[in-house]
Amino acid sequence: MNCLALSDLEQFAAALADGIRAELYLTPKPGLVDLCDNGSHDDLTLELMNRSAGMMREYLAELAVAIYRQQPFPELQQIGLKAEQRMLAELQSNCHRGGIFLSGLLLSAYGECRSDNPEALSNAVARLAQRHFLQARLTGSHGQQARARYHTGGIIAECLNGLPGLFQIALPSLIGNLNDLAGSCYLAMARLMQHCDDTTCLHRGGQTGLARLRKAGQELELCLLRGADPVPLLRRQNQEFKTANLTMGGVADLLGLTFGYLDFTNSRHGISSLSLHHKQPSSCPA
36 MNCLALSDLE QFAAALADGI RAELYLTPKP GLVDLCDNGS HDDLTLELMN RSAGMMREYL
96 AELAVAIYRQ QPFPELQQIG LKAEQRMLAE LQSNCHRGGI FLSGLLLSAY GECRSDNPEA
156 LSNAVARLAQ RHFLQARLTG SHGQQARARY HTGGIIAECL NGLPGLFQIA LPSLIGNLND
216 LAGSCYLAMA RLMQHCDDTT CLHRGGQTGL ARLRKAGQEL ELCLLRGADP VPLLRRQNQE
276 FKTANLTMGG VADLLGLTFG YLDFTNSRHG ISSLSLHHKQ PSSCPA
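Take the position in the sequence shown, starting the count at 1, then add 35; the result is the number in my numbering.
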């Protein structure tokens, strides 16, 4: 029997779902759905993304039980695939397809290594990713097309390397300044914008679009390090991204994953949860 209690897996699953919703509520963001607008997504709304986040909670709860029962890895993969199919059928959109894969991989890695230690968990992610990509047949998704066209690793390289975007980029940015929650969230996002080979951005804007994403991340980080209010810059960047039809789904997925992981580890070590993750702001900031 797995020495992890089912409650541990369920707690991590719930935290990951909360993190995905927290990323949605972080406002404003360049090119992404938030409380202000739909960013560069004509086909998405806040309501639709909220429904998708709710489906993510159901999926992760199901996966937690399967991991506890030590179901074989191919069966865990099938749970993720069915969650993708259900989301597409019910919402007519793959709102959180990347989130389904990344959160499922991270939860499965936790079940395998039985530790929330960043190094141990990162190594377990890399091992599971290698197993997955050896077995999986890659489909003709936009991400796969962008990886082939621009010769970039994208989410595959991120996972095979143990999610450095989470453990080496976003997590230290959040931990380093928890007294300023909003600022630390935006700093994590800014650094992910500079690090992530975001295939949603590449699909829409090519290498030029990715370069614009990198530059926007640099501008945001400099703004934050100067102690300036980032909201006016973020609003301007959002308009620029909308004009260029750019978005950054990979950044969003990694940010939500980091929010969930940090909330989970904080709660296990007696540190209060990040309030951003558990309440919905009422409106777009003025």
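From the three backbone atoms N, C-alpha and C, an ideal C-beta is built for every residue, glycine too.
**OP:** Assign M90 to one of three DSSP states: helix, strand, or coil.
**Re:** Within the sequence shown, numbered from 1, the residue matching residue 90 stands at position 55. M90 falls in the helix class under three-state DSSP.
Original post:
So is K250 buried or exposed if we call it buried at 16+ other beta carbons inside 10 Å?
Top reply: The sequence position of residue 250 within the sequence shown is 215, counting from 1. Burial call: exposed.
Original post:
If we count the other Cβ atoms within 10 Å of its Cβ and call it buried at 16 or more, is H186 buried or exposed?
Top reply: Reading the sequence shown from its first residue, position 151 is the one you call residue 186. Residue placement at H186 is poorly supported in this model, since its pLDDT is 47, which falls under 50; the coordinates still yield a value, given next. Exposed, because fewer than 16 other Cβ atoms sit within 10 Å of the Cβ of H186.
Original post:
Is N214 helix, strand or coil when you go by DSSP?
Top reply: Here the question's residue 214 lines up with position 179 in the sequence shown. Assigned with DSSP and collapsed to three states, N214 falls in coil, not helix or strand.
Original post:
Taking the C-alpha atoms as reference points, what is the distance between K314 and L111?
Top reply: Here residue 314 corresponds to residue number 279 of the sequence shown, with the count starting at 1. Here residue 111 corresponds to residue number 76 of the sequence shown, with the count starting at 1. Residue confidence is low: K314 scores 42 on pLDDT, short of 50, so the model does not pin down where it sits. No coordinate-derived value is stated.
Original post:
By Cβ distance below 8 Å, which residues in the same chain neighbour L137 in space, the five residues on each side in sequence not counted?
Top reply: As a position in the sequence shown, residue 137 is number 102, starting the count at 1. I190, C194, L198, D288, L289, L292, listed in sequence order.
Original post:
What three-state label does DSSP hand H131 in the structure shown?
Top reply: Taking the first residue of the sequence shown as 1, we reach residue 131 at position 96. H131 falls in the coil class under three-state DSSP.
Original post:
Run through DSSP, which three-state label would D53 get?
Top reply: Taking the first residue of the sequence shown as 1, we reach residue 53 at position 18. Helix at D53.
Subject >> Helix, strand or coil at I114 according to DSSP, with G and I counted as helix >> reply: Here residue 114 corresponds to residue number 79 of the sequence shown, with the count starting at 1. Reduced to three states, the DSSP call for I114 is helix.
Subject >> Backbone CA spacing between H312 and L59 [nearest angstrom] >> reply: Start at 1 with the first residue of the sequence shown, and residue 312 comes out as number 277. Start at 1 with the first residue of the sequence shown, and residue 59 comes out as number 24. Confidence in H312 is poor, its pLDDT being 45 and thus under 50, which makes the residue's placement unreliable; the coordinate value appears in the next sentence. Distance between the alpha carbons of H312 and L59 is about 10 Å.
Original post:
Just to confirm, does E154 get its C-beta within under 8 Å of one of the non-hydrogen atoms of the ligand ATP?
Top reply: The model depicted lacks the ligand ATP and carries no ligand whatsoever.
Original post:
What's the C-alpha gap between A48 and L95?
Top reply: The count along the sequence shown starts at 1 and reaches residue 48 at position 13. The count along the sequence shown starts at 1 and reaches residue 95 at position 60. In a straight line, the C-alpha of A48 is about 5 Å away from that of L95.
Original post:
Hey, S87 and C130: beta-carbon distance below 9 Å or not?
Top reply: What you label residue 87 is simply residue 52 of the sequence shown in a count that begins at 1. What you label residue 130 is simply residue 95 of the sequence shown in a count that begins at 1. Yes; because the gap between Cβ atoms is below 9 Å, this pair is in contact.
Original post:
Around the Cβ of S317, are there at least 16 other Cβ atoms within 10 angstroms (buried) or fewer (exposed)?
Top reply: Position 282 of the sequence shown, counted from the start, is the residue given in the question as residue 317. Residue placement at S317 is flagged as unreliable, the pLDDT there being 42, under the threshold of 50; the coordinate-derived value follows with that caveat. The residue in question, S317, is exposed, as its Cβ has fewer than 16 Cβ neighbours within 10 Å.
Original post:
Rounded to a whole number of angstroms, what is the C-alpha to C-alpha distance between M36 and A155?
Top reply: Taking the sequence shown and counting its residues from 1, one reaches residue 36 at position 1. Taking the sequence shown and counting its residues from 1, one reaches residue 155 at position 120. With a pLDDT of 43 at M36, under the threshold of 50, the modelled position of that residue is not reliable, and the figure given next carries that caveat. So the two alpha carbons sit approximately 21 Å from each other.
Subject >> Reduced DSSP secondary structure (H/G/I, E/B, other) of Q315 >> reply: Position 280 of the sequence shown, counted from the start, is the residue given in the question as residue 315. Per-residue confidence for Q315 stands at a pLDDT of 45, beneath the threshold of 50, marking its modelled position as unreliable; the derived number appears in the next sentence. DSSP places Q315 in coil when its eight states are reduced to three.
Original post:
What does a CB cutoff of less than 7 Å around R271 pick up in its chain, not counting 5 residues either side in sequence?
Top reply: For the purposes of this step, residue 271 is taken as residue 236 along the sequence shown, with counting starting at 1. Answer for R271: no residue qualifies.
Subject >> Minimum C-alpha distance to A217 - residue among A57, Q203, N196 >> reply: Here residue 217 refers to the residue found at position 182 of the sequence shown. When only C-alpha atoms are compared, the closest one is A57.
Subject >> Spatial neighbours of V160 in its chain, beta-carbon cut-off 7 Å, leaving aside the 5 residues before and after >> reply: As a first step, residue 160 is located in the sequence shown; it is residue number 125 there, counting from the start. The answer, listed in chain order, is L140, L141, A144, C194, G197, L198.
Original post:
Taking the alpha-carbon positions, what's the M90 to L83 distance?
Top reply: Numbered from its first residue, the sequence shown carries residue 90 at position 55. Numbered from its first residue, the sequence shown carries residue 83 at position 48. In a straight line, the C-alpha of M90 is about 11 Å away from that of L83.
Subject >> Candidates P107, F108, F202, G211, of which the one nearest Y296 by Cα >> reply: Translated into the one-based positions of the sequence shown, residue 296 becomes position 261. Looking at the Cα atoms, F202 is the closest of the given residues.
Subject >> Where K64 falls, given that 16 or more other Cβ within 10 Å makes a residue buried >> reply: In the sequence shown, counting from the first residue as 1, residue 64 sits at position 29. By the neighbour-count rule (16 or more Cβ atoms within 10 Å), K64 is buried.
Subject >> Test item: CB-CB of R226 and I204 under 9 Å >> reply: The residue given as residue 226 occupies position 191 in the sequence shown. The residue given as residue 204 occupies position 169 in the sequence shown. Cβ distance < 9 Å, so R226 and I204 count as in contact.
Original post:
What whole-angstrom Cβ distance do D298 and D53 have, given they're in contact under 8 Å?
Top reply: Start at 1 with the first residue of the sequence shown, and residue 298 comes out as number 263. Start at 1 with the first residue of the sequence shown, and residue 53 comes out as number 18. That belief holds up - the Cβ atoms of D298 and D53 are roughly 6 Å apart, short of 8 Å.
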